[in-house]
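Engineer: With mature numbering (1 follows the signal peptide of the UniProt record, and there is no 0) applied, the sequence shown corresponds to residues -22 to -1, 1 to 499, in that order.
Where is the CB? At the ideal position from N, CA and C, for every residue including glycine.
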Amino acid sequence: MKKSLLQYLKLFLLLGLGRVTTMHVAKQDVPASLVTLPLDGHFSFHDLSTAARDFGNLSSSPPVAVLHPGSVADIAITVRHVFLMGHHSTLTVAARGHGHSLYGQSQAAGGIVIRMESLRSVRMQVHPGASPYVDASGGELWINVLDETLKYRLAPKSWTDYLHLTVGGTLSNAGVSGQTFRHGPQISNVNEMEIVTGRGDVVTCSPEQNSDLFHAALGGLGQFGIITRARIALEPAPQMVRWIRVLYLDFTSFTEDQEMLLSAEKTFDYIEGFVIINREGILNNWRSSFNPQDPVRASQFEPDEEVLFCLEMTKNFNPEEADTMEQEVNALLSQLRYTPPSLFHTDVTYMEFLDRVHYSEMKLRAKGMWEVPHPWLNLIIPRSTIHKFAREVFGKILKDNNNGPILLYPVSRSRWDNRTSVVIPDEEIFYLVGFLSSALGPQSVEHTLNLNMQIIEFSNKASIGVKQYLPNYTTEPEWKAHYGARWDTFQQRKTTYDPLAILAPGQRIFQKASASLPLSS
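1) Beta-carbon separation of P16 and A43 under 8 Å?
2) Does the Cβ-Cβ distance between D247 and T292 come in under 8 Å?
3) Would L119 and L141 qualify as a contact pair, given that the criterion is a beta-carbon distance under 8 Å?
4) What does G203 pair with, by DSSP beta-bridge criteria?
5) Tell me whether the beta-carbon of V57 lies closer than 8 Å to the beta-carbon of G176.
6) If you run the structure through DSSP and keep just helix, strand and coil, what is Q157?
7) Residue 500 by DSSP, collapsed to three states: which one?
8) Under a three-way DSSP split, which group does M238 fall into?
9) Going by Cα to Cα distance, which pick from V60, S155, K458, F252 is closest to D333?
10) How far does the alpha helix (DSSP H) with N308 in it reach, from first residue to last?
11) Using the three-state DSSP reduction, which class does I480 fall into: helix, strand or coil?
12) For residue 510, which residues does DSSP report across the bridge?
13) Taking N296 as the reference, which of N169, R131, V224, Y111 has the closest Cα?
14) Enumerate in chain order the residues of its own chain whose CB-to-CB distance from T138 is below 6 Å, with the five nearest sequence positions on each side excluded.
15) Looking at the secondary structure, which residues open and close the alpha helix (DSSP H) in which L36 lies?
16) Given P449, which residues of its chain have a CB within under 7 Å of its CB, disregarding the five upstream and five downstream residues?
17) Can you tell me where the beta strand (DSSP E) holding I384 begins and where it ends?
18) Which word fits A309, buried or exposed, when buried means at least 16 other C-beta atoms lie within 10 angstroms of its C-beta?
19) Quick one: residues in its chain with C-beta nearer than 8 Å to the C-beta of L199, no 5 flanking neighbours on either side, listed in chain order?
20) Who are W221's beta bridge partners in DSSP?
21) Along the chain, where does the beta strand (DSSP E) that runs through F21 open and close?
22) Check each candidate in A87, S79, H66, G19 and name the one with the smallest Cα separation from A54.
23) For Q164, count neighbouring C-beta atoms within 10 Å of its own C-beta (all shown protein chains included) and say buried if the count is 16 or more, exposed if not.
24) Which residues in the same chain have their Cβ closer than 6 Å to the Cβ of G34, if we skip the five residues on either side of it in sequence?
25) Using a 10 Å radius around the Cβ and a threshold of 16 neighbouring Cβ atoms, would you call G346 buried or exposed?
26) Check whether the Cβ atoms of residue 500 and A211 sit closer than 8 Å, and answer yes or no.
27) Applying the 10 Å Cβ sphere with the 16-neighbour rule, what's the burial state of P388?
28) Mind reading off the beta-carbon distance from N381 to A344? Whole number of angstroms is fine, and I expect it under 8 Å.
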């Protein structure tokens, strides 16, 4: 991405004069030193409440300042300013997208939070052609990316279930949903990125250029740089979606059918599974509801089993392809072992399906039930141990749905790039399992966190081989165990791209260095 002459001049002035003006700034003078920075945007020092909380609503750590960047140069200048302070400052920097972290990962206690959505003013550029792509700001919401690409009848290949998240935020984790089995996570569908490192350097990277930083930042939990732009691969977008749900009475048929669909040459375009422990709201939950104008009632299907399993699938089509779509869907359904009375389907637009969670969000916001604590637990489990895990957890440790949906669906390792920072099992098939609880009071929070701990403790004792997605650890031994043999690489990349451990302190992986380090690039 080209920089204006003025932006480069600002960077030059800071890099040339920063050592003289910032090295001896006292901690109490930090806001004053930030005011002097030449920015296109601005800092806030008083209205910090939003930056001190996140979607999880389980922790609150106020920063000393919030940067509202008017340009990528603003981010680089700010990070470089903190870097040049070295060990004389305790300042850290956190990039906050839509704040969808769970345990304070997007917060910076006593540091600087960068409001990445302020970069949304950087215009998106869609490039149609044989290999179409879109260049989008790291602070852009995926829903806005979709709005723009649909003008060209194009769309990104892989999604998250919730589109009101920023591009940089999901790419810093992985970005998973029901399309992951076909296209891999969102991090497998990026061609290029622009990143501001922990030294304040602005680096363009791709699989061919600065490839180590490219792969480090993808799924890197914000540890190696702030993603300010991403080039995202696109594909032709359908107009319509056949949205299907079926129920299973036994776990074996449920998982075997999902795995069969993963490997089938002709299959669905989206596949996700749900575990249902109490039957209240079987087919309608905030995570994934049918067309709000035509809700499907759970009362239409009332089995006796305490634990049920729901398989959700879609088939993309254009109106002129409706007959062919019907034949393909019927052929696929004929191979599945679901309970026939449970079959429901509806046709919606592609946008309506992808933005399905937002419809329910608006309903819950109206009732004051959206901004509540969310003690979520997201796990990655090898195929070889998923049945052992399910036998102990569903109906035993968990007696009900725990005020939220439980996701469970398989993906293929071959769709993931093992050069990125994400940790996944070695097996070709593994399961994404999400316990997406909403806690409606302090006792509910404590109860849910206790259940999460029981699940983790069982998994460790039973050698399930669990890895956390959106990991939440607080000690170095836990992080070392999480990364395993890849810890040394992860640590070395941190030393290379963020040597003072300035970035993403809320992840609690590294503490800002206290010893003096060379400040040259």
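Structural biologist: A quick look at the data gives this:
1) no
2) Taking 8 Å as the Cβ cut-off, D247 and T292 qualify as a contacting pair.
3) Judged by beta-carbon spacing, L141 lies within the 8 Å limit of L119, meaning their Cβ atoms are closer than that value.
4) T175
5) yes
6) coil
7) The shown model of the chain, from -22 to 499, leaves out residue 500, and the question about it has no answer.
8) helix
9) Closest by C-alpha distance to D333, out of V60, S155, K458, F252, is S155.
10) 300 to 311
11) coil
12) Coverage of the chain is limited to positions -22 through 499, which leaves residue 510 absent and any answer about it impossible.
13) Residue R131 is the option with its Cα nearest to N296.
14) T148, G153, S155
15) No alpha helix (DSSP H) contains L36, which DSSP labels as neither H nor E.
16) H460
17) 384 to 390
18) exposed
19) Q83, S150, N151, S399, P449, A482, Q485, I487
20) T292, T324
21) 20 to 22
22) G19
23) By the neighbour-count rule (16 or more Cβ atoms within 10 Å), Q164 is buried.
24) Excluding positions up to five away in sequence, the list reads L80, Y81, H352.
25) exposed
26) Missing from the structure shown is residue 500; the chain here goes from -22 to 499 and no further.
27) buried
28) N381 to A344, Cβ: 18 Å. No contact.
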